[in-house]
Amino acid sequence: MRVSRFVKLLLALILVMMVSFLGGGAAAYLTLEHTSAVAQQTSREVAEMAVHDWSVLLSEQLKRSLETQAQDVAARLALQLSRVEADVAYLADYATYLYNHADTLKRYARPHRYGIGANGAFSSLSGGDYSWLVVLNPGLDENGQVSDKLLQEIYLTEYMDLAFASIGQRNPMIGQAYINTQSNLTRGMRFVDGQPVDVDADTTISPDQDVTTYEFYYLADAQHDPERKPVWTGVYWDPAGMGWMVSCVAPVYRGDQELAGVVGLDVTLNKLSEYVDGVRVQQTGFAFLMARSGQIIAFPPPAAAFLGIDAELSGEFKWGQPLAIYLDQVADRPFRAVIERIQRGESGLEIYTASDGKAYFWTFQPVEPPGWSISLVAPVEEVVALQNLTLARLSEHIAHGTATITQNITRLRQSYVAAVIVTLLFVTAVAFLLARSINHPLALISRAAQNLA
Numbered sequence: 255m256r257v258s259r260f261v262k263l264l265l266a267l268i269l270v271m272m273v274s275f276l277g278g279g280a281a282a283y284l285t286l287e288h289t290s291a292v293a294q295q296t297s298r299e300v301a302e303m304a305v306h307d308w309s310v311l312l313s314e315q316l317k318r319s320l321e322t323q324a325q326d327v328a329a330r331l332a333l334q335l336s337r338v339e340a341d342v343a344y345l346a347d348y349a350t351y352l353y354n355h356a357d358t359l360k361r362y363a364r365p366h367r368y369g370i371g372a373n374g375a376f377s378s379l380s381g382g383d384y385s386w387l388v389v390l391n392p393g394l395d396e397n398g399q400v401s402d403k404l405l406q407e408i409y410l411t412e413y414m415d416l417a418f419a420s421i422g423q424r425n426p427m428i429g430q431a432y433i434n435t436q437s438n439l440t441r442g443m444r445f446v447d448g449q450p451v452d453v454d455a456d457t458t459i460s461p462d463q464d465v466t467t468y469e470f471y472y473l474a475d476a477q478h479d480p481e482r483k484p485v486w487t488g489v490y491w492d493p494a495g496m497g498w499m500v501s502c503v504a505p506v507y508r509g510d511q512e513l514a515g516v517v518g519l520d521v522t523l524n525k526l527s528e529y530v531d532g533v534r535v536q537q538t539g540f541a542f543l544m545a546r547s548g549q550i551i552a553f554p555p556p557a558a559a560f561l562g563i564d565a566e567l568s569g570e571f572k573w574g575q576p577l578a579i580y581l582d583q584v585a586d587r588p589f590r591a592v593i594e595r596i597q598r599g600e601s602g603l604e605i606y607t608a609s610d611g612k613a614y615f616w617t618f619q620p621v622e623p624p625g626w627s628i629s630l631v632a633p634v635e636e637v638v639a640l641q642n643l644t645l646a647r648l649s650e651h652i653a654h655g656t657a658t659i660t661q662n663i664t665r666l667r668q669s670y671v672a673a674v675i676v677t678l679l680f681v682t683a684v685a686f687l688l689a690r691s692i693n694h695p696l697a698l699i700s701r702a703a704q705n706l707a
């Protein structure tokens with residue numbers, strides 16, 4: 255079969271145009287595919303870097319937030335305890351003035367009423383908003399009686415009522431203010447909501463004790479407190495019947511050398527526990543308070559298992575008995591390592607894994623005064639929950655962006671293929687018209703030549 259010149263010409267034109275177009279198109283398509291792959295890979299790498307950087311940044315921010323909370327809690331507690339120190343210093347100055355100017359003072363304007371109480375001791379029987387008083391047996395003379403000298407000292411200490419009441423009204427931390435003397439008389443005033451309350455000291459305080467043997471007395475003597483500054487006791491069982499407490503004490507000197515007595519302000523364990531319980535750490539975290547000696551000061555019930563505490567704190571204990579819970583005696587070595595840092599007065603944040611495998615963020619800050627430390631403990635899973643939520647949302651946004659890029663590239667491919675098809679049709683049409691325009695005059699010439707022949 256003979257192929258016409260028109261068809262040959264048409265095919266030649268189409269072939270030339272197709273080769274040129276497809277060559278350039280193939281190069282463009284390969285470039286598009288490469289660009290698409292690079293764009294998607296870059297998008298994934300940028301997304302992974304963004305998630306990692308955000309994870310690190312967010313983790314550090316959450317840790318810093320926990321540390322900042324501990325610093326704030328420590329600062330607020332230190333402020334309250336510094337007020338206690340200031341008040342006991344005022345009380346010591348007041349009592350020192352009384353003992354050094356007793357000869358210039360008349361009998362107190364609101365004299366107390368005294369007698370033998372239910373415990374058989376010489377006691378104040380005034381009640382009401384008066385301070386309580388008990389003369390302990392070591393203070394009696396050889397006949398078991400209150401000497402005239404001791405009686406004059408009893409009258410002198412009635413003036414303490416003014417200072418006691420003033421401190422109780424202005425400082426809600428104080429549960430009781432008192433003075434214990436070298437002569438073994440003890441006088442104090444108890445407060446509820448800042449107001450003096452009646453105390454049956456003649457039934458709650460046994461006279462069969464020597465007040466100078468207790469920590470809340472001898473810690474303020476010349477041997478233990480040569481600088482004569484306020485000193486904090488550990489947690490002990492109050493001989494006056496207020497339960498577990500800590501005291502801030504200061505010495506009272508007659509002249510330069512003679513220790514006349516020790517004044518003190520009591521802060522109950524219940525009051526400190528209320529403060530610690532009020533600290534909210536994530537969902538199930540908690541705070542606890544510890545002395546540099548390792549002795550626990552205050553902790554909420556949820557902290558007992560973490561601290562390994564199973565001792566019973568309720569009941570009756572010996573007068574002045576210290577609370578025998580020391581965290582530096584816990585068997586777990588990693589736990590003790592953190593406690594040792596706290597005992598050195600350090601601040602910081604540790605990730606501690608308990609024996610049950612549960613991980614905790616544990617941050618701690620010193621509380622000055624009185625040389626304690628506050629710890630905030632939170633399960634790691636709760637602290638990073640916000641981090642995981644934020645990263646999940648970030649990942650969603652990144653995935654959405656990656657999907658958008660992929661969709662745009664797919665649409666670009668589709669548009670390119672459509673453009674190729676349209677172009678091929680257009681090229682075919684153009685080639686057909688061009689071949690026809692060339693073939694028509696050639697056909698005329700051919701017929702004319704045949705006619706001439």
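Going by my numbering, the letters in the sequence shown line up with residues 255 to 707, in that order. Every residue gets a Cβ at the ideal spot worked out from N, C-alpha and C, and that includes glycine. Quantities reported herein were computed from a predicted structural model and do not represent experimental measurements.
Quick check: what's the CA-CA separation for Pro556 versus Phe540? Pro556 and Phe540: Cα-Cα distance of roughly 7 angstroms.
Is Tyr362 helix, strand or coil by DSSP? In this structure, Tyr362 counts as coil in the three-state DSSP scheme.
Comparing C-alpha positions only, which one of Val517, Glu412 and Arg330 sits nearest to Arg367? Answer by Cα proximity: Glu412.
4-residue-minimum alpha helix (DSSP H) runs that sit fully inside the segment 317–351, ordered along the chain: Segments of the alpha helix (DSSP H) lying fully in the segment 317–351: there are none.
In angstroms, rounded to a whole number, what distance separates the CA positions of Gly532 and Val621? When rounded, the distance between both Cα atoms is 17 angstroms.
Looking at the C-beta of Met544, does it have a partner C-beta in chain D at a distance below 8 angstroms? Checking the listed chains, one finds no chain D in this structure; it contains a single protein chain.
DSSP on Met414, reduced to helix/strand/coil? Helix at Met414.
Going by beta carbon distance, what residues of the same chain come within less than 6 angstroms of Asp520, once the five residues before and after it are set aside? The residues are Gly429, Gln430, Met499 and Ser501.
Determine the DSSP secondary structure at Pro695, reduced to helix, strand or coil. Under the three-state reduction of DSSP, Pro695 is assigned to helix.
Beta-carbon separation of Val389 and Leu439 under 8 angstroms? Going by C-beta atoms, Val389 is nearer than 8 angstroms to Leu439.
Just to confirm my understanding: we take Gln423, look at its own chain, exclude 5 residues before and 5 after, and list those with CB closer than 7 angstroms. What are they? In its chain, beyond the 5 residues on either side, Gly448 have a beta carbon closer than 7 angstroms to the beta carbon of Gln423.
Beta-carbon spacing of Met414, Ser385 below 8 angstroms: When the beta-carbon positions are compared, Met414 and Ser385 come within less than 8 angstroms of each other.
Let's see if you can read the secondary structure: which residues bound the alpha helix (DSSP H) around Val530? Residue range Leu523 to Asp531 is occupied by the alpha helix (DSSP H) that includes Val530.
Could you have a look at Ser669 and say whether DSSP puts it in helix, strand or coil? It is helical.
Using the C-alpha atoms, what's the distance from His478 back to Val637? Rounded to whole angstroms, Val637 to His478 spans 44 angstroms at the Cα level.
Nearest-angstrom Cα separation, counted from Gln668 out to Leu320: Cα-Cα distance, rounded: 53 angstroms.
Counting C-beta neighbours from all protein chains within 10 Å, is the total for Val676 16 or more, i.e. buried, or is it exposed? By the 10 Å Cβ count, Val676 comes out exposed.
Using a Cβ-Cβ cutoff of less than 8 angstroms, which residues in the same chain neighbour Glu469 once the five nearest sequence positions on both sides are dropped? Same-chain partners within the cutoff: Thr487, Gly488, Tyr490, Gly574 and Pro576.
Compute the Euclidean distance between the alpha carbons of Tyr348 and Ala332, then round it to the nearest angstrom. About 24 angstroms.
Using the beta-carbon count (16 or more within 10 Å), is Phe246 buried or exposed? No information on residue 246 is available, as it lies outside the stretch 255 to 707 that the chain covers here.
Rounded to whole angstroms, what is the Cα-Cα separation between Leu410 and Thr358? Thr358 has its alpha-carbon roughly 11 angstroms from the corresponding atom of Leu410.
Under the three-state DSSP convention, the category Val638 falls into: Per DSSP, reduced to three states, the secondary structure at Val638 is helical.
Roughly how many angstroms separate the alpha carbons of Gly602 and Gln661, rounded to a whole number? Taking the straight line joining both Cα atoms gives about 49 angstroms.
Here's the rule I'm using: 16 or more other beta-carbon atoms within 10 Å means buried, otherwise exposed. How should Phe418 be labelled? Its Cβ being crowded by 16 or more others within 10 Å, Phe418 is buried.
To the nearest angstrom, how far is the alpha carbon of Leu473 from that of Leu581? Each residue's Cα considered, the two are about 23 angstroms apart.
Closest Cα partner of Asp452 within the set Ala514, Thr538, Leu387 and Pro484: Closest by alpha carbon: Leu387.
Backbone CA spacing between Asp326 and Thr467 [nearest angstrom]: CA-to-CA, the gap between Asp326 and Thr467 works out to about 38 angstroms.
Taking the C-alpha atoms as reference points, what is the distance between Ser205 and Pro365? A question about residue 205 goes unanswered here, because the residues of the chain that appear run from 255 up to 707.
Short check: CB of Gly371 to CB of Tyr432, under 8 angstroms? At a Cβ-Cβ threshold of 8 angstroms, Gly371 and Tyr432 do not count as neighbours.
Going by the beta-carbon positions, is the gap between Val530 and Leu543 smaller than 8 angstroms? Going by beta carbons, Val530 and Leu543 fall inside the 8 angstroms limit.
Continuous beta strand (DSSP E) stretch holding Pro620: start and end: Run containing Pro620: Ala613 to Val621, per the beta strand (DSSP E) assignment.
Through-space distance from Ile699 to Leu679, alpha-carbon basis: Their Cα atoms are separated by approximately 31 angstroms.
Beta strand (DSSP E) containing Thr435: first to last residue? Counting along the chain, the beta strand (DSSP E) containing Thr435 begins and ends at Gln430 to Thr435.
Pairwise C-alpha distance: Ser627 and Ala563: Looking at the sequence provided, one finds Ile at residue 563 rather than Ala. If you draw a straight line from the Cα of Ile563 to the Cα of Ser627, it comes to about 18 angstroms.
Thr435: buried (16+ other C-beta within 10 angstroms of its C-beta) or exposed? Counting the other CB atoms within 10 Å of its CB gives Thr435 a total of 16 or more, which places it among the buried residues.
Tell me Arg508's beta-bridge partners as DSSP assigns them. Beta-bridge pairing links Arg508 to Glu512.
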